[in-house]
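First comes the structure, then the notes that go with it.
Residue numbers (my numbering), protein chains in the order written: chain A, 1 to 259; chain B, 260 to 458.
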């Protein structure tokens, strides 16, 4: 009960974990709940796939990865830093396989086409436990994204975040991509600056409709389709008619206020 | 009865007629077929502008709801709505890194809430709902935020400004996933700029 009050306060959690062994046991799952791996450029002299997963390596060596519930992969600070298979060495994949309780996965600038057709080898480890997938500016055809979503049969919540209107072009080869599962997707759908109506249509076709209970829609071009599809399940709808930032980065809004 | 963005009204009997003269937007947000909606949410910033587009947008949406189920209309107030701006911008990192920029005088502030209640009353005329004012703010300013919202709601009630609108419920609740300030990386002295919980 005491620890629960501090789960968002890292310094206090660290102090709690050093009090005694029983406090350590109570505090440590909260301390290692979320993990971000990103390339901050400090290992520029090393090959990318060896340099960037340092947090993963450290947690792996200490046996902490099973405690991680949220993982965010950021290939770099800027949009042109794309996440491609070149980032994943054999060692990183071994670390991934130790994330046995991962529930939430976020990936920035995922280049799905580059991972095809062996994407399951890279992310299949997360299939049994993943509940929430957040993709920020992913690229790839609708079928490729659909295939990726289908890797996670227990997925409930989904988030797509774009900065600009985006349309993926599929190839003939993509048509052979059939999702390996139809995730339930009964939780929350968050879309920001989303213009890929084709993807929503494909999800409806391949997953047997949509059943989200909650939707957070910001600058979305297929609202009608989504509302119709979820007309019997949608309980909570969030809209931002004149709010120019939505729920996304608060930075822009706050900086504007400062000006 | 459906209001369109130009402020006029026209009679409508079916969802097929639910078309605003010059605003295709209305076609997108028709909720007449929805049978399960219980909560409609928006941010205070969406009401903040006090322009016709914002209020007419919600009036139109509310008027399209045909389900008789009770509806909560939740207005989410974030820390900047009370003049607080965090140092780290993205993360709710507590009092040490939050600044206070009183954006308005007390009089202006009261006027702001009065106008907002005016919008809520107008919305309530087209569809009954329970108004919920939700403070989704730093832990350190929850008391201040709740107090501010309660004070203005009470002032409105005393003036009789709530009309048929029931007294709003004022709550403090995370409407979005709570962000952990930073990840903990064993053996590292630095924190990553992004927390994984800011997915």
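Beta carbons are placed, not taken as given, at the ideal position from N, Cα and C, and that holds for glycine. All values reported here derive from a predicted model rather than from experimental measurement.
Cutoff 8 Å: residue i Cβ touching any chain B Cβ
| i | result |
| --- | --- |
| residue 39 of chain A | no |
| residue 129 of chain A | no |
| residue 106 of chain A | yes |
| residue 19 of chain A | no |
| residue 99 of chain A | no |
| residue 234 of chain A | yes |
| residue 27 of chain A | no |
| residue 137 of chain A | no |
| residue 237 of chain A | yes |
| residue 10 of chain A | yes |
Endpoints, the alpha helix (DSSP H) within which residue i is located
| i | result |
| --- | --- |
| residue 163 of chain A | No alpha helix (DSSP H) contains residue 163 of chain A, which DSSP labels as neither H nor E. |
| residue 145 of chain A | 142-149 |
| residue 197 of chain A | 197-207 |
| residue 328 of chain B | Where residue 328 of chain B is concerned, there is no enclosing alpha helix (DSSP H), given that its DSSP letter is neither H nor E. |
| residue 92 of chain A | 90-97 |
| residue 115 of chain A | 112-115 |
| residue 216 of chain A | Premise fails: residue 216 of chain A lies in the beta strand (DSSP E), 214-220, not in any alpha helix (DSSP H). |
Any C-beta of chain A under 8 Å from that of residue i
| i | result |
| --- | --- |
| residue 297 of chain B | yes |
| residue 381 of chain B | no |
| residue 403 of chain B | no |
| residue 428 of chain B | no |
| residue 432 of chain B | no |
| residue 302 of chain B | yes |
| residue 354 of chain B | Residue confidence is low: residue 354 of chain B scores 40 on pLDDT, short of 50, so the model does not pin down where it sits. No coordinate-derived value is stated. |
| residue 273 of chain B | Interpretation of residue 273 of chain B is limited by its pLDDT of 32, a score under 50 that renders its predicted location unreliable; the figure taken from the coordinates is listed afterwards. Chain A, which has no Cβ nearer than 8 Å to the Cβ of residue 273 of chain B, makes this no. |
Residue j beta carbon less than 8 Å from that of residue i
| i | j | result |
| --- | --- | --- |
| residue 199 of chain A | residue 146 of chain A | yes |
| residue 8 of chain A | residue 17 of chain A | no |
| residue 324 of chain B | residue 370 of chain B | no |
| residue 3 of chain A | residue 32 of chain A | no |
| residue 74 of chain A | residue 36 of chain A | yes |
| residue 102 of chain A | residue 143 of chain A | no |
| residue 119 of chain A | residue 148 of chain A | yes |
| residue 219 of chain A | residue 193 of chain A | yes |
| residue 378 of chain B | residue 314 of chain B | yes |
| residue 99 of chain A | residue 65 of chain A | yes |
| residue 183 of chain A | residue 160 of chain A | no |
| residue 394 of chain B | residue 404 of chain B | yes |
Within chain A, the residues that residue i reaches when beta carbons sit closer than 7 Å
| i | result |
| --- | --- |
| residue 316 of chain B | 241 |
Range of the contiguous beta strand (DSSP E) that encloses residue i
| i | result |
| --- | --- |
| residue 336 of chain B | 331-337 |
| residue 6 of chain A | First-last for residue 6 of chain A: undefined, no H or E at that position. |
| residue 407 of chain B | It is not in any beta strand (DSSP E) - residue 407 of chain B instead sits in the alpha helix (DSSP H) that spans 401-417. |
| residue 12 of chain A | Where residue 12 of chain A is concerned, there is no enclosing beta strand (DSSP E), although the alpha helix (DSSP H) it sits in stretches over 10-17. |
| residue 428 of chain B | 428-431 |
| residue 122 of chain A | Not the beta strand (DSSP E): residue 122 of chain A falls in the alpha helix (DSSP H), residues 119-123. |
Under 8 Å by beta carbon: chain B residues contacting residue i
| i | result |
| --- | --- |
| residue 223 of chain A | 287 and 288 |
| residue 159 of chain A | 458 |
| residue 62 of chain A | 445 |
Chain-ordered chain A contacts of residue i [CB-CB under 8 Å]
| i | result |
| --- | --- |
| residue 292 of chain B | 227, 228 and 231 |
Chain-ordered chain B contacts of residue i [CB-CB under 9 Å]
| i | result |
| --- | --- |
| residue 219 of chain A | What residue 219 of chain A touches in chain B: nothing, since even the nearest Cβ is about 12 Å away. |
| residue 134 of chain A | 458 |
| residue 183 of chain A | Those do not exist, as residue 183 of chain A stays about 17 Å from chain B at its closest Cβ, beyond 9 Å. |
Residues that residue i contacts on chain B, provided the C-beta gap is smaller than 7 Å
| i | result |
| --- | --- |
| residue 31 of chain A | 443 |
Legend entry - Three CB pairs or more closer than 8 Å across the stretch 127-141 of chain A and the stretch 155-162 of chain A: yes
Legend entry - Three or more C-beta pairs below 8 Å linking the stretch 204-213 of chain A and the stretch 175-189 of chain A: yes
Inset, instruction - Could you tell me whether the stretch 322-331 of chain B touches the stretch 384-397 of chain B, using the rule of 3 or more Cβ pairs below 8 Å? - result: yes
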